Amino acid sequence: MQPVHVIGGGLAGSEAAWQLARRGVPVVLHEMRPVRGTDAHKTQDLAELVCSNSFRSDDAEQNAVGLLHAELRDAGSLIMASADAHQVPAGGALAVDRDGFAAAVTAALEAHPLITIQREEIAGLPPEDWDSVIVATGPLTSPALSQAILEATGEDALAFFDAIAPILHFDSVDLDTCWFQSRYDKPGPGGSGKDYINCPMDKAQYEAFIDALIAAPKAEFKEWEENTPYFDGCLPIEVMAERGRETLRHGPMKPMGLTNAHKPDQKPYAVVQLRQDNALGTLYNMVGFQTKLKHGAQLEVFRMIPGLEDAVFARLGGLHRNTFLNSPKLLDGTLRLKSRPALRFAGQVTGCEGYVESASVGCMAGLFAAAERLGEACPPPPETTAMGALLGHITGGHILRDEPGPRSFQPMNVNFGLFPPIEAPKTDEDGRRLKGKDKTRAKKLAMTRRARADFGRWIAGTVPVRDAAE
Ligand SMILES: Cc1cc2nc3c(=O)[nH]c(=O)nc-3n(C[C@H](O)[C@H](O)[C@H](O)COP(=O)(O)OP(=O)(O)OC[C@H]3O[C@@H](n4cnc5c(N)ncnc54)[C@H](O)[C@@H]3O)c2cc1C
1 MQPVHVIGGG LAGSEAAWQL ARRGVPVVLH EMRPVRGTDA HKTQDLAELV
51 CSNSFRSDDA EQNAVGLLHA ELRDAGSLIM ASADAHQVPA GGALAVDRDG
101 FAAAVTAALE AHPLITIQRE EIAGLPPEDW DSVIVATGPL TSPALSQAIL
151 EATGEDALAF FDAIAPILHF DSVDLDTCWF QSRYDKPGPG GSGKDYINCP
201 MDKAQYEAFI DALIAAPKAE FKEWEENTPY FDGCLPIEVM AERGRETLRH
251 GPMKPMGLTN AHKPDQKPYA VVQLRQDNAL GTLYNMVGFQ TKLKHGAQLE
301 VFRMIPGLED AVFARLGGLH RNTFLNSPKL LDGTLRLKSR PALRFAGQVT
351 GCEGYVESAS VGCMAGLFAA AERLGEACPP PPETTAMGAL LGHITGGHIL
401 RDEPGPRSFQ PMNVNFGLFP PIEAPKTDED GRRLKGKDKT RAKKLAMTRR
451 ARADFGRWIA GTVPVRDAAE
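1 is the number of the first residue of the sequence shown in UniProt numbering; add one for each residue after it.
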């Protein structure tokens, strides 16, 4: 059997190689370290954790990343097994001894008879005779390979920096304060004239907001990120505010063409607009609000915006070095490059964010490639599961927009906003009406129970494990 080539032995590539090999498919894993390093990795171990040692919450009932842990465990994940084996105390989170964790992943892959590890940089597109390749080279993909991907896919296909505006859950926006309206009621192509949620500010609220923005602590660029460009037309909002107190009111917060539906005779002094981010309509992004404020400060400052006092954020803003594809446009439903299906992508380079998410996309890529090599079917996981929701975000759920400024598709951690909504139970087991936090907990539980059942059925139908050692 011809091998599947996996390029990059990080979180995604290691998991993909494992899933292939345990199904009897030979793998050549190409990892450039230690021959060539990255700006963040420090060792030559596979699956090195470049920063925090936390896999975040391990709560599979109330937390979307905890649910992803559970699905990975169901899928026999090497990354999760190694994390569980090298866990260190961290409350409700799963944190690991990073050296023990990476050493365990490396040892398992080195020991597998079907996996060959080649320490080399793949410095261009893979040769045509590699008929099945998984590219899992991460946010710091080597420049030679990035350049080759860029040339093969086109200008807007690969970004080298993210420019992230916060995204929040629709059901946490106060619609008694905010209203739906497009500027000048323009329907535009495919719109209704009521496509944005508008959050109004009077002069005093605007002045206080600008003061808070300017005073708030900003995250520092890492040394090797210092050349991060500020794109034309999409400066971080705090930089705009520092350039002049009125700049935002003439930029992303301009009030023109908008009438407060709740108070039609009061002209807002400034308006923050929210725009639908995913096809499900569960997530909205803050238009033009790219920011490098520290995360805690973002919560404080953005909750000053009328209507967002109780906002729940699915993603906070940021600006980092980050190589990632315009995946919703370029990849098909099983992560293959539409223009060259022999190339499949996995991990953070596809536009997910985080260790666990990267490993999950690697897991799915491995399963899809194994099924293809063995001539068997492997449909994507249902969108009700955490893996399916994440895959949906990458390959289609996000609403792509072609506009000046940063690309609309930006990296995202897994979160409940990516899942199809579910009817929350109205009462508890004793028939008492559920309210507030109890209602939210009951809704999350219903969502995660649905996911666990659907994932169990899906994984049972994927290509069976053929590894005699297991
Ligand atoms: C500085 C930094 C800090 C981060 N901190 C966190 C954090 O604290 N928590 C979190 O959850 N996520 C964090 N992330 C985000 C992300 O989850 C991790 O980067 C994660 O490791 C991504 O997994 P991956 O497999 O896609 O890429 P990686 O784990 O980076 O693996 C990619 C591998 O490909 C190799 N490679 C690259 N180019 C080539 C090539 N041409 N040929 C051969 N091999 C190649 C690299 O050496 C690397 O081993 C951070 C990212 C960065 C850049």
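Note that beta-carbon positions come from the ideal geometry of N, C-alpha and C, so glycine has one too. Remember, predicted model here, so these are calculated numbers, not experimental data.
Just grab the DSSP bridge partners of residue i for me.
i: residue 523; result: No information on residue 523 is available, as it lies outside the stretch 1 to 470 that the chain covers here.
i: Trp179; result: Asn198
i: Met412; result: Cys352
i: Arg441; result: Partner(s): none; Arg441 has no beta bridge.
i: Glu31; result: Arg119
i: Arg433; result: Thr427
i: Lys218; result: Leu293
i: Val50; result: Looking at the DSSP assignment, Val50 forms no beta bridge with any residue, so it has no partner.
i: Ile7; result: His30 and Val135
i: Val96; result: Gln87
i: His398; result: Asn278
i: Val239; result: Answer is none; Val239 lacks a bridge partner.
i: Ala270; result: Met201
i: Ser57; result: Ala93
State buried or exposed for residue i, treating a residue as buried only when at least 16 other CB atoms are found within 10 Å of its CB.
i: Glu376; result: exposed
i: Gln290; result: buried
i: Ser339; result: exposed
i: Leu109; result: buried
i: Cys363; result: buried
i: Thr427; result: exposed
i: Met1; result: exposed
i: Cys178; result: buried
i: Met286; result: buried
i: Ser327; result: buried
i: Ser52; result: exposed
i: Ala123; result: exposed
i: Gly281; result: exposed
CA-CA distance, residue i and residue j?
i: Gln118; j: Ala102; result: 17 Å
i: Leu367; j: Trp18; result: 10 Å
i: Asp246; j: Phe313; result: Residue identity differs from the one stated: residue 246 is Glu in this sequence, not Asp. Taking the straight line joining both Cα atoms gives about 26 Å.
i: Glu353; j: Gly461; result: 27 Å
i: Phe409; j: Arg432; result: 42 Å
i: Leu293; j: Glu207; result: 18 Å
i: Ser146; j: Gly37; result: 15 Å
i: Ala93; j: Gly190; result: 43 Å
i: Ala270; j: Leu283; result: 23 Å
i: Ala453; j: Arg466; result: 24 Å
i: Leu337; j: Glu372; result: 15 Å
i: Pro26; j: Ser14; result: 14 Å
i: Gln276; j: Phe170; result: 9 Å
i: Gly100; j: Pro139; result: 23 Å
i: His41; j: Ser142; result: 12 Å
i: Leu213; j: Met304; result: 10 Å
i: Glu383; j: Glu128; result: 33 Å
i: Thr334; j: Ala386; result: 15 Å
i: Leu316; j: Ala219; result: 12 Å
i: Gln44; j: Lys222; result: 21 Å
i: His86; j: Ala16; result: 21 Å
i: Gly347; j: Leu158; result: 14 Å
i: Leu241; j: Phe209; result: Note that residue 241 is Ala in the sequence shown, not Leu. Each residue's Cα considered, the two are about 10 Å apart.
i: Arg98; j: Phe55; result: 11 Å
Please report the Cβ distance between residue i and residue j, rounded to the nearest whole angstrom; I am assuming they are in contact, meaning their Cβ atoms lie under 8 Å.
i: Ala279; j: Ile164; result: So it is not a contact: roughly 20 Å between Cβ atoms.
i: Leu319; j: Asp162; result: 7 Å
i: Ile134; j: Val6; result: 5 Å
i: residue 529; j: Arg344; result: Given that the chain is displayed from residue 1 to residue 470, the structure contains no residue 529 and the question cannot be resolved.
i: Leu390; j: Val361; result: 7 Å
i: Ile149; j: Ala21; result: Not confirmed; about 26 Å, so no contact.
i: Ser57; j: Val65; result: 6 Å
i: Leu11; j: Val414; result: In fact, because the Cβ distance is near 14 Å, the residues do not count as touching under 8 Å.
i: Leu183; j: Met256; result: It is worth fixing the name first, because residue 183 is Arg in this sequence and not Leu. Rounded, the Cβ-Cβ distance is 7 Å, consistent with contact.
i: Leu445; j: Glu61; result: 6 Å
i: residue 523; j: Ala216; result: Outside the shown range of the chain (1 to 470) lies residue 523, about which nothing can therefore be said.
i: Ala111; j: Ser82; result: With 8 Å as the limit, Ala111 and Ser82 do not qualify as a contact, their Cβ atoms being about 13 Å apart.
i: residue 487; j: Lys443; result: Past the boundaries of the shown model lies residue 487; the chain is included only from 1 to 470, so the question cannot be answered.
Is residue i near ligand 2, going by C-beta to nearest heavy atom under 7 Å?
i: Val25; result: As far as ligands go, the structure on display features ligand 1 and does not contain ligand 2.
Contiguous beta strand (DSSP E) assignments of at least 3 residues, all confined to the region 98-169: For the region 98-169, whole beta strand (DSSP E) runs of length 3 or above, ordered along the chain, are 115-119, 133-135, 158-164 and 167-169.
Ordered list of alpha helix (DSSP H) runs contained in the region 273-355, each at least 4 residues: 295-302 and 327-330
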